[in-house]
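Trainee: Encoded as structure tokens, here's the structure I'll be asking about.
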Amino acid sequence: MKRINVGIVGATGYTGLELVKILLNHPKFNITYIANSEGGTTIDKLHPCLTNVINMEVQKADVDKIAKNSKLCFLALPHKTAMAFAKKLIK
1 MKRINVGIVG ATGYTGLELV KILLNHPKFN ITYIANSEGG TTIDKLHPCL
51 TNVINMEVQK ADVDKIAKNS KLCFLALPHK TAMAFAKKLI K
């Protein structure tokens, strides 16, 4: 079965970290985009427990890049912020 490309916005926090861990071990998902409000680092520098597990660039969250790189996006954000992203992604 083909894997689904997914993005995670809000990778800085605990929920984002747990999502990365879950999706890394999931047989149907492939993480293609990781973002937070700032970007400019890698996921293993944000979360040292991911050292030697995943070394992906954390980008500044951008709706167009999310749509281009992911079929599905997880929003690990406060609810009002997530609602704003969701509205843009749905368009």
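Residue numbering for the sequence shown follows our numbering, beginning at 1 and increasing consecutively.
Beta carbons: idealized from backbone N, C-alpha and C, even for Gly.
Note that the coordinates shown come from a computational prediction; the quantities given were computed from them, not determined experimentally.
Considering only the alpha carbon of each residue, which of Met1, Val20, Thr32, Ile8 lies closest to His47?
Mentor: In the sequence shown, counting from the first residue as 1, residue 47 sits at position 47. Nearest of Met1, Val20, Thr32, Ile8 to His47, Cα basis: Val20.
Trainee: Using DSSP with H/G/I as helix, E/B as strand and the rest coil, what is Ile54?
Mentor: Your numbering for residue 54 matches position 54 in the sequence shown. Three-state result, Ile54: coil.
Trainee: To the nearest angstrom, how far is the alpha carbon of Ala86 from that of Gly16?
Mentor: The residue you call residue 86 lines up with position 86 of the sequence shown. The residue you call residue 16 lines up with position 16 of the sequence shown. Roughly 16 Å between the two C-alpha positions.
Trainee: Quick one: measure Cβ to Cβ for Arg3 and Asn25, integer angstroms, because I've assumed they're closer than 8 Å.
Mentor: To locate residue 3, count along the sequence shown from 1; it is residue 3. To locate residue 25, count along the sequence shown from 1; it is residue 25. With 8 Å as the limit, Arg3 and Asn25 do not qualify as a contact, their Cβ atoms being about 13 Å apart.
Trainee: Please state whether DSSP places Leu24 in a helix, a strand or coil.
Mentor: Here the question's residue 24 lines up with position 24 in the sequence shown. DSSP places Leu24 in helix when its eight states are reduced to three.
Trainee: Need the endpoints of the alpha helix (DSSP H) that Thr81 sits in, please.
Mentor: On the sequence shown, position 81 is the one that residue 81 refers to. Segment 79 to 90, the alpha helix (DSSP H) holding Thr81.
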